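In the numbering used here, the protein residues as written are 13 to 579. Ideal placement from N, C-alpha and C gives every residue a C-beta, glycine not left out. Nothing here was measured: the structure is a model prediction, and the numbers come from that model. Everything below concerns the one structure shown next.
Rendered as structure tokens:
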């Protein structure tokens with residue numbers, strides 16, 4: 013066989029049965045071999061979409077996502093998708109073709125230094141120089157992508173290597189002396205963590221994206237101890253939103269209860285999260301009285317932003333059960349009284365005295381689905397509304413671009429999620445701005461008749477930018493208007509062959525949303541919503557978690573400070 017055939021055989025040995033990609037000249041030998049391969053290929057209409065689809069495939073299934081691209085522009089189009097996967101710890105293996113080895117560095121047609129370009133946005137990358145290295149490199153790439161803190165790995169294969177005769181063996185041994193992720197938490201640190209938790213009077217547990225792989229352990233630990241649980245944007249679903257102990261999302265657009273709990277707690281148990289700036293706000297004002305116990309598989313994240321008083325490096329699936337064995341139910345009744353008071357005073361609310369609003373649409377979607385669907389989002393106001401009003405009931409079911417905040421992620425992510433969970437409905441919550449960044453993937457949705465409901469919250473503006481310009485730039489609305497040149501999204505979807513509706517009022521919305529979710533085929537719903545709707549609560553840039561602007565979350569008859577802390 014040749015190198016291209018060897019590459020596909022090596023992928024098959026890793027259990028790969030599906031790839032997302034787009035062909036081109038430098039990767040043609042691989043596509044020629046694909047013609048006779050059992051691996052299914054999904055033709056995306058843009059390479060960035062292929063990377064996002066592979067990313068979401070991993071997030072939804074736990075299996076490494078794979079994407080193909082050709083050299084030059086094909087490979088560079090992957091960069092945003094790889095950076096998205098890197099920031100959100102998604103296991104993706106990207107395979108790119110390159111010009112022949114003899115032409116590398118000559119500015120040949122469709123040549124780019126893909127190895128150099130992708131280094132900063134991947135966990136690791138390879139440029140294969142010998143055809144016999146293919147099985148080893150593929151095996152290492154999957155091992156690196158899926159172990160420790162997951163992340164994307166790129167394999168660049170010159171065209172002559174794809175065409176070269178392969179006589180090697182597929183029986184390879186992975187030997188990476190410099191790569192030894194710590195999985196088992198240190199026993200002494202686990203005991204110290206237990207002592208700190210046992211001594212706390214006002215503890216909270218904050219669960220991040222790392223909790224998606226350890227949802228059973230998170231739930232068991234929380235139920236045994238009775239600790240309040242906050243889930244970050246990436247942690248949504250790792251702990252069921254309907255549980256009494258769930259306080260919602262923290263940070264810039266988090267719930268009042270979660271942020272108040274952070275401000276007044278005396279201990280934070282951080283489980284699989286990065287404590288990034290959108291969660292913490294101003295670091296000096298973040299949980300000022302709290303002892304921080306931080307469990308993470310990536311030692312580089314511990315004390316990077318928030319100082320960990322008790323660091324525990326390890327996999328949550330190992331550490332949380334052992335930590336739970338050290339603890340009994342916590343005696344924190346007074347703390348729970350305070351939390352319940354905040355919950356009662358600051359429920360999710362929004363004003364219905366305006367025309368149809370985004371929050372109302374998202375609530376309709378959740379009510380009609382029961383939250384028992386896979387949700388993907390684009391990036392913007394609708395993303396924050398969905399995070400609070402449409403949390404899913406299971407892990408790996410709320411898929412969004414957190415760290416990089418990539419507009420254009422949601423629609424191709426819905427494609428990847430639909431292939432990963434082929435018997436489930438996927439709801440893509442989108443804005444009229446971000447959905448246009450990869451809207452060509454309507455073709456992929458139609459071709460495969462994927463059961464995706466695309467809900468566009470069409471306010472005619474770049475909503476989050478407009479909110480900031482209104483609040484912090486004296487209403488100087490610079491380059492945010494879309495309504496004067498937006499397409500008719502329903503007609504556009506119809507042109508792709510997808511059933512679609514324009515929806516202008518809440519009565520029609522209430523009628524069509526349940527029908528669309530019951531279709532089990534592609535449907536696009538274009539909701540015309542109120543332009544000036546804003547996301548609250550909101551923590552202004554540079555402010556602390558305790559400096560929330562409540563807006564329409566403000567109760568009618570209480571002060572903005574809320575009740576006094578009595579615990």
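Three-way DSSP call (helix, strand, coil) for residue i in this model
i           : result
residue 460 : coil
residue 33  : strand
residue 363 : coil
residue 52  : strand
residue 181 : coil
residue 346 : helix
residue 102 : coil
residue 132 : helix
residue 218 : strand
residue 511 : strand
residue 582 : No answer is possible for residue 582: the residues shown for the chain start at 13 and end at 579.
residue 287 : coil
residue 495 : coil
residue 154 : helix
residue 412 : coil
residue 111 : coil
residue 225 : helix
residue 575 : Unreliable positioning characterises residue 575 in this predicted model, as indicated by a pLDDT of 37, which lies under 50. A coordinate reading is not provided.
residue 168 : strand
residue 476 : helix
residue 90  : coil
Extent of the continuous alpha helix (DSSP H) run through residue i
i           : result
residue 41  : 40-46
residue 64  : 59-73
residue 374 : 370-381
residue 308 : From DSSP, residue 308 is part of no alpha helix (DSSP H) but of the beta strand (DSSP E) over 303-308.
residue 78  : Element bounds for residue 78: not the alpha helix (DSSP H) but the beta strand (DSSP E), 77-81.
residue 209 : 199-211
residue 173 : 171-175
residue 28  : No alpha helix (DSSP H) contains residue 28, which DSSP labels as neither H nor E.
residue 323 : Careful: residue 323 lies outside any alpha helix (DSSP H), inside the beta strand (DSSP E) at 322-325.
Nearest to residue i (by Cα), restricted to the options the options
i           : options               : result
residue 33  : 46, 118 and 95        : 46
residue 345 : 333, 240 and 54       : 240
residue 16  : 90, 69 and 143        : 143
residue 413 : 320, 26, 56 and 95    : 95
residue 65  : 553, 508, 488 and 423 : 423
residue 237 : 260, 266, 338 and 462 : 338
residue 408 : 70, 286 and 13        : 70
residue 260 : 511, 220 and 476      : 220
residue 202 : 335, 538 and 457      : 335
residue 395 : 564, 411 and 384      : 411
residue 222 : 266, 254, 287 and 298 : 287
residue 231 : 214, 212 and 256      : 256
residue 541 : 484, 341, 86 and 471  : 471
residue 178 : 164, 207, 147 and 151 : 147
residue 554 : 428, 297, 355 and 175 : 297
residue 4   : 511, 121, 161 and 124 : In this structure the chain extends from 13 to 579, so residue 4 is not present and cannot be described.
residue 84  : 145, 329, 18 and 123  : 123
residue 208 : 320, 114 and 538      : 320
residue 31  : 525, 76 and 117       : 76
Proximity of residue i and residue j at Cβ, strictly below 8 Å
i           : j           : result
residue 81  : residue 112 : no
residue 357 : residue 35  : no
residue 377 : residue 468 : no
residue 425 : residue 44  : no
residue 10  : residue 109 : The shown model of the chain, from 13 to 579, leaves out residue 10, and the question about it has no answer.
residue 291 : residue 560 : no
residue 479 : residue 488 : no
residue 172 : residue 140 : no
residue 277 : residue 216 : yes
residue 282 : residue 306 : yes
residue 51  : residue 264 : no
residue 564 : residue 362 : yes
residue 549 : residue 266 : yes
residue 348 : residue 272 : no
residue 604 : residue 428 : With the chain covering only 13 through 579, there is no way to say anything about residue 604.
Enclosing beta strand (DSSP E) for residue i [first to last residue]
i           : result
residue 258 : 258-260
residue 268 : Where residue 268 is concerned, there is no enclosing beta strand (DSSP E), although the alpha helix (DSSP H) it sits in stretches over 268-276.
residue 389 : 386-389
residue 536 : 535-540
residue 243 : 241-243
Contact test: residue i Cβ vs the ligand SAH heavy atom, cutoff 7 Å
i           : result
residue 107 : For the structure depicted, the ligand SAH is absent and the ligand set is empty, with no information on it obtainable.
Cβ contact (3+ pairs, closer than 8 Å) linking the stretch 180-190 and the stretch 146-164 | Contact between the stretch 180-190 and the stretch 146-164 is present: three or more C-beta pairs spanning the two stretches fall below 8 Å.
Does the pairing of the stretch 166-185 with the stretch 16-31 give three or more beta-carbon distances under 8 Å?
-> With a cut-off of 8 Å, the stretch 16-31 and the stretch 166-185 count as touching, because enough Cβ pairs lie within range.
Within the chosen definition, does the stretch 306-321 reach the stretch 246-263 through at least 3 CB pairs nearer than 8 Å?
-> The stretch 306-321, when compared against the stretch 246-263, does not touch it at the 8 Å Cβ threshold.
If we count Cβ pairs, one from each stretch, closer than 8 Å, do we get three or more for the stretch 491-498 versus the stretch 401-419?
-> Using a Cβ-Cβ distance cut-off of 8 Å, the stretch 491-498 and the stretch 401-419 are not in contact, since fewer than three pairs of beta carbons, one from each stretch, lie closer than that value.
Is the stretch 458-473 in contact with the stretch 438-449, if contact means three or more CB pairs nearer than 8 Å?
-> Taking a contact to require three or more Cβ pairs closer than 8 Å, the stretch 458-473 and the stretch 438-449 qualify as touching.
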